[in-house]
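To start, the structure itself, in structure tokens.
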Amino acid sequence: SLGIGNNSKSIKTFKRAIFEEWQAIPQQAIDNCILSLPNCYRKVEEARGWYTKY
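For our numbering, count along the sequence shown from 1 and bump the result up by 260.
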């Protein structure tokens, strides 16, 4: 349980809060994550699936 109760009002409030936080993520942060993917993939590939900092 997420501690939000089991009623539709609590669930609606929870969903609204998640949506608002998701919308608050700066576009630059999203872009940086996307731009870092090739390097992340390369590091995982070099480690052959073992531990990486990613």
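Beta carbons: idealized from backbone N, C-alpha and C, even for Gly.
Since this is a predicted model, take the numbers as computed values, not measurements.
C-alpha gap between residue i and residue j, whole angstroms
{"i": "residue 306", "j": "residue 291", "result": "24 Å"}
{"i": "residue 279", "j": "residue 304", "result": "31 Å"}
{"i": "residue 283", "j": "residue 274", "result": "14 Å"}
{"i": "residue 267", "j": "residue 281", "result": "22 Å"}
{"i": "residue 310", "j": "residue 285", "result": "30 Å"}
{"i": "residue 289", "j": "residue 276", "result": "21 Å"}
{"i": "residue 299", "j": "residue 270", "result": "40 Å"}
Residue i - containing alpha helix (DSSP H), residue span
{"i": "residue 307", "result": "Here residue 307 belongs to no alpha helix (DSSP H), and DSSP marks it neither H nor E."}
{"i": "residue 269", "result": "268-283"}
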